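Participant: After the structure tokens below, expect a handful of questions from me.
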Amino acid sequence: MKFTSFAFLALAASASAFTQPASFGAARSFSTSLDVSKKDLEGAQTMIDKIIDDTNANPVFVRLAWHDSGTFDVNVEKEWPASGGAIGSIRFDPEINHGANAGLSGAVKLLEPVKESFPDVSFADIFQMASARSIELAGGPKIDMKY
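Residue numbers -17 to -1, 1 to 130, in mature numbering (1 follows the signal peptide of the UniProt record, and there is no 0), belong to the letters of the sequence shown in order.
Okay, here's the thing in structure tokens:
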């Protein structure tokens, strides 16, 4: 069964379709502001660097970012986010439980403290930042982020 971004959006219409990670209680709220401070981005990066240093999670963070972006469908003629892509949706059911994403829930859990500490930074940005930093800290090239 092919998972499409349209199917994901249909599920998104129902609040019960989402399974939040256990560490996020119902009382927890997150900002949806597009105004993220440079200080928050730098703080998130520092925290991600420490997680990478402590866990050697470089490969799984690269895989997480790749699989999050892999839902993009150029044939969807609707505006973003209907076409999928690197939008942080991988943390939700059914995407996180898709067979191709086996093992990625652990990567999401490693990055949850970053979101808790910097709630204005989106999960999408955290996942992509973790991938870029993983590559650089492993000796690869610096991947400039568009912040």
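For each residue, glycine too, the CB sits at the ideal point set by N, CA and C. Keep in mind that this is a model prediction, so the values were computed, not measured.
Taking the beta carbon of P124 as the centre, do at least 16 other beta carbons fall within 10 Å, making it buried, or is it exposed?
Facilitator: Indexing the sequence shown from 1 puts residue 124 at position 141. Exposed.
Participant: Which residue wins for smallest C-alpha separation from D51, given the options R74, I118, G122 and I34?
Facilitator: Within the sequence shown, residue 51 is the residue found at index 68, counting from 1. For the residues R74, I118, G122 and I34, the minimum Cα distance to D51 belongs to R74.
Participant: For the alpha helix (DSSP H) that S52 lies in, which residues bound it at each end?
Facilitator: Taking the sequence shown and counting its residues from 1, the one referred to as residue 52 is at position 69. From DSSP, the alpha helix (DSSP H) with S52 extends over N41 to S52.
Participant: Under a three-way DSSP split, which group does E78 fall into?
Facilitator: The residue given as residue 78 occupies position 95 in the sequence shown. Helix at E78.
Participant: May I have the straight-line CA-CA distance separating V91 from K61, to the nearest angstrom?
Facilitator: On the sequence shown, residue 91 is found 108 positions in, with the first residue counted as 1. On the sequence shown, residue 61 is found 78 positions in, with the first residue counted as 1. If I take the Cα positions, the gap works out to 28 Å.
Participant: Please report the distance separating the alpha-carbon of R116 from that of R46.
Facilitator: Looking up residue 116 in the sequence shown gives position 133. Looking up residue 46 in the sequence shown gives position 63. For R116 and R46, the distance between alpha carbons rounds to 13 Å.
Participant: Express the C-alpha separation of N41 and G122 in angstroms, rounding to a whole number.
Facilitator: What you label residue 122 is simply residue 139 of the sequence shown in a count that begins at 1. What you label residue 41 is simply residue 58 of the sequence shown in a count that begins at 1. Straight-line Cα distance between these residues: approximately 11 Å.
Participant: Taking the alpha carbon of V19 as the point to measure from, which residue in G53, A69 and K98 has its own alpha carbon closest?
Facilitator: Stepping through the sequence shown from its first residue, residue 19 is reached at position 36. Residue K98 is the option with its Cα nearest to V19.
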